[in-house]
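In this note's numbering, the protein residues as written are 59 to 131.
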């Protein structure tokens, strides 16, 4: 899963990792992505992490904002 590989680089609490994983899963689902090897998944993971620095709500809000920032919806 691309997001876990990216999260190893930063210093995240277990709670933050859980939140980001949930947001990532929701974003992928909303975009209809199922193949975790699709290069688009890494872009989504990076955008979820980036978005979480400004959107401090729950995973759904982070996922929605990340997908909107990617511009595919």
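No residue lacks a Cβ here, since even glycine has one placed at the ideal position from N, Cα and C.
Query raised in the report: Can you give the Cα-Cα distance for residue 125 and residue 67, rounded to whole angstroms?
Result: Rounded to whole angstroms, the separation of the alpha carbons of residue 67 and residue 125 is 23 Å.
Requested in this report: Classify residue 97 as buried or exposed, calling it buried when 16 or more other Cβ atoms lie within 10 Å of its own Cβ.
Outcome: Label assigned to residue 97: exposed.
Requested in this report: Grab the span of the alpha helix (DSSP H) containing residue 94 for me, first residue to last.
Outcome: That residue, residue 94, is in no alpha helix (DSSP H); it is neither H nor E in DSSP.
Query raised in the report: How big is the Cα-Cα spacing for residue 122 and residue 69?
Result: 24 Å
Query raised in the report: So residue 118 is in the alpha helix (DSSP H); what residue range does that whole segment cover?
Result: 117-128
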